[in-house]
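Protein chains: 2
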Amino acid sequence: MRETGNAQVRPYHHGDLSRALVEAARRILEAEGAAALSLRAVAREAGVSPAAPYHHFRDKTELLEAVARGGWEAMSDAICEARRTAPSPGEALANIGVAYVRFARENPALYRLMYDTTRDRTSMPEHAKEGDSGYQQVQGALVDAGADPHDSRELELATIASWCAVHGLAEMSNFKEFKELKAAMGGDEAFLRAVLRHYGTFTLSIGHKH
Amino acid sequence: MRETGNAQVRPYHHGDLSRALVEAARRILEAEGAAALSLRAVAREAGVSPAAPYHHFRDKTELLEAVARGGWEAMSDAICEARRTAPSPGEALANIGVAYVRFARENPALYRLMYDTTRDRTSMPEHAKEGDSGYQQVQGALVDAGADPHDSRELELATIASWCAVHGLAEMSNFKEFKELKAAMGGDEAFLRAVLRHYGTFTLSIGHKH
DNA sequence: CAGCTATCTGAACGGTGTCAACATGCATCT
DNA sequence: AGATGCATGTTGACACCGTTCAGATAGCTG
Chain X
0 MRETGNAQVR
10 PYHHGDLSRA
20 LVEAARRILE
30 AEGAAALSLR
40 AVAREAGVSP
50 AAPYHHFRDK
60 TELLEAVARG
70 GWEAMSDAIC
80 EARRTAPSPG
90 EALANIGVAY
100 VRFARENPAL
110 YRLMYDTTRD
120 RTSMPEHAKE
130 GDSGYQQVQG
140 ALVDAGADPH
150 DSRELELATI
160 ASWCAVHGLA
170 EMSNFKEFKE
180 LKAAMGGDEA
190 FLRAVLRHYG
200 TFTLSIGHKH
Chain W
0 MRETGNAQVR
10 PYHHGDLSRA
20 LVEAARRILE
30 AEGAAALSLR
40 AVAREAGVSP
50 AAPYHHFRDK
60 TELLEAVARG
70 GWEAMSDAIC
80 EARRTAPSPG
90 EALANIGVAY
100 VRFARENPAL
110 YRLMYDTTRD
120 RTSMPEHAKE
130 GDSGYQQVQG
140 ALVDAGADPH
150 DSRELELATI
160 ASWCAVHGLA
170 EMSNFKEFKE
180 LKAAMGGDEA
190 FLRAVLRHYG
200 TFTLSIGHKH
């Protein structure tokens, strides 16, 4: 162990805590799960007193908010990358779906936190409205796959439908009830792509309204 | 306030607590949210000492488990009802979807608890395997809608895809980001049915394998 | 009746979120 | 430069939480 696990030598008074706290929280979240994510534990991990965080976040909730926001940004990055590296624009959606589920599985506690609307504030944050957000990427991929970019309402509905579907898949795909089916299909990835293939069909139905 | 809010006169030693505790927990969950659901608060609400629950549940987790199980049963009932009262077998799926989302919205904290896989044990419990479970109902509705009941693998995949999609919709559908779209579409129900219509298309694609 | 066992209570432990009072040291103004 | 102010960090306290353990209670069995 070095000091706080972070670089530099504390450039300011104590360093810029808020960032260090968020990083510490995320570390704890992934290593020990949401149950172990106490404000005191975060402070401990960051090497400060239990009351120190209150000079940077009003609440424990506000800290979690910041952690969740970081999660959204990381996930958007993963989605961008998945779209960029797709073999063809038509396959971008499936690629995004796989990357999305992979992200959710690699950071399960963070992912759950991101979608926890119990904390009164944010859900998918304002970040979703920006140009490089995951949401925008999915919308773009839908257009690339043949959606009509001029029917904005249908396009938005399709984006939402896609997002919701993959979100559900991400949260449920490693339920133990599906275990034998996965085994019979020759592995997890095959299972994932099969379900995504089901979703894929509605992508192509966007043109005809009824 | 009567006594514990429950009927009868305490038929046994103190009454059958475990049931009373689960009901108290559910009451608190819906009234005050998951954050307020402490074991002590449950005991208080049930009118017993903080240590009493430990004679019926090993853990707080085990109590939550029981609450979640009750939630799954209630949701299965709602799904059965929705399928039974559908205008036609072909419309049963959409009806189920709407009922599902409605259930999730009316009991948001309970719904979130049901899908919380952080608690090490159950997810969708063994209950899902029984004949009247929601899962089985959806599968039946898919067959009614034209799915091939003999291709069991594809049928199961379609069931999973449907379930995941509606689960995602249930959790995300009242994100504030969708607010204006809903308004533009003339209300929440219209929005829901529109997204479900997108999902509906893959139901019909089950026959042709590729 | 006696005794057994399941059930409930009371007090206690360490841990938690939060707050108020106090300490510290950068940054700025004269 | 030295003094002042304000952001930042610490200490100690409070109420609440999950959990445990020793003891009280009361229904059932013989």
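Chains as they are written, first to last, in numbering that gives the first Met the number 0: chain X, 0 to 209; chain W, 0 to 209. Backbone N, C-alpha and C define an ideal beta-carbon position, used for all residues, glycine too.
- Residues of chain W with a Cβ closer than 7 Å to the Cβ of residue 114(X) are, in chain order, 170.
- For residue 66(X) and residue 169(X), the gap between their C-alpha atoms comes out near 20 Å.
- Within 10 angstroms of the beta-carbon of residue 64(X) lie 16 or more other beta-carbons, which makes it buried.
- Chain X has no Cβ within less than 9 Å of the Cβ of residue 99(W).
- Assigned with DSSP and collapsed to three states, residue 55(W) falls in coil, not helix or strand.
- Assigned with DSSP and collapsed to three states, residue 190(W) falls in helix.
- Assignment of residue 158(X) by DSSP, reduced to helix, strand and coil, places it in the helix class.
- By a beta-carbon distance limit of 8 Å, residue 161(X) contacts residue 141(X). Their separation comes to about 7 Å.
- With contacts defined as CB atoms closer than 9 Å, residue 85(X) and residue 95(X) qualify as a contacting pair.
- Contact of residue 32(W) with chain X by beta-carbon distance below 9 Å involves 117.
- Contacts with chain W at 9 Å (Cβ-Cβ) include residue 107(X).
- Only buried fits residue 52(X), as 16 or more other CB atoms lie within 10 angstroms of its CB.
- Not a single C-beta of chain X is nearer than 9 Å to the C-beta of residue 46(W).
- DSSP places residue 31(W) inside the alpha helix (DSSP H), whose first and last residues are 16-31.
- Measuring C-alpha to C-alpha distances from residue 116(W) to each of 190(X), 176(X), 73(X) identifies 176(X) as the nearest.
- Counted as a single uninterrupted DSSP element, the alpha helix (DSSP H) harbouring residue 179(X) occupies residues 178-183.
- For residue 116(W), the secondary structure class from DSSP, reduced to helix, strand or coil, is coil.
- Assigned with DSSP and collapsed to three states, residue 47(X) falls in coil, not helix or strand.
- Judged by DSSP in its simplified three-state form, residue 107(W) adopts helix.
- Residue-level contact check: residue 155(X) touches chain W, since one or more beta carbons of chain W fall below 9 Å from its beta carbon.
- With at least 16 other beta carbons inside 10 angstroms of its own, residue 107(W) counts as buried.
- If you check the CB distance, residue 196(W) and residue 93(W) come in under 9 Å.
- Using a CB distance below 9 Å, the part of the region 184-196 of chain X facing chain W consists of 184, 190, 193, 194, 195, 196, ordered along the chain.
- Residue 143(W): member of the alpha helix (DSSP H) spanning 133-143, first to last residue.
- By the CB criterion at 9 Å, residue 89(X) and residue 145(X) fall inside the cutoff.
- Against residue 167(X), the close residues of chain W are 162, 163, 164, 165, 166, 167, 168, 170, in the order they occur along the chain (beta-carbon pairs closer than 8 Å).
- The three-state reading of DSSP puts residue 147(W) in coil, since its state is none of H, G, I, E or B.
- The beta-carbon of residue 111(X) is placed less than 9 Å from the nearest beta-carbon of chain W.
- The residue among 23(W), 198(W), 62(W) with its C-alpha nearest the C-alpha of residue 157(X) is 198(W).
- Excluding five sequence positions before and after residue 112(X), the CB atoms of its chain that fall closer than 8 Å to its own CB belong to 28, 33, 63, 66, 67, 70, given in chain order.
- A straight line joining the alpha-carbon of residue 132(W) with that of residue 100(X) spans about 26 Å.
- Assigned with DSSP and collapsed to three states, residue 86(X) falls in coil, not helix or strand.
- Note on residue 25(X): 16 or more other CB atoms within 10 angstroms of its CB, so buried under the neighbour-count rule.
- In the three-state reduction of the DSSP assignment, residue 38(W) falls in the helix class, which pools H, G and I.
- Contact between residue 16(W) and residue 47(W) holds: CB atoms are separated by about 7 Å, below the 8 Å threshold.
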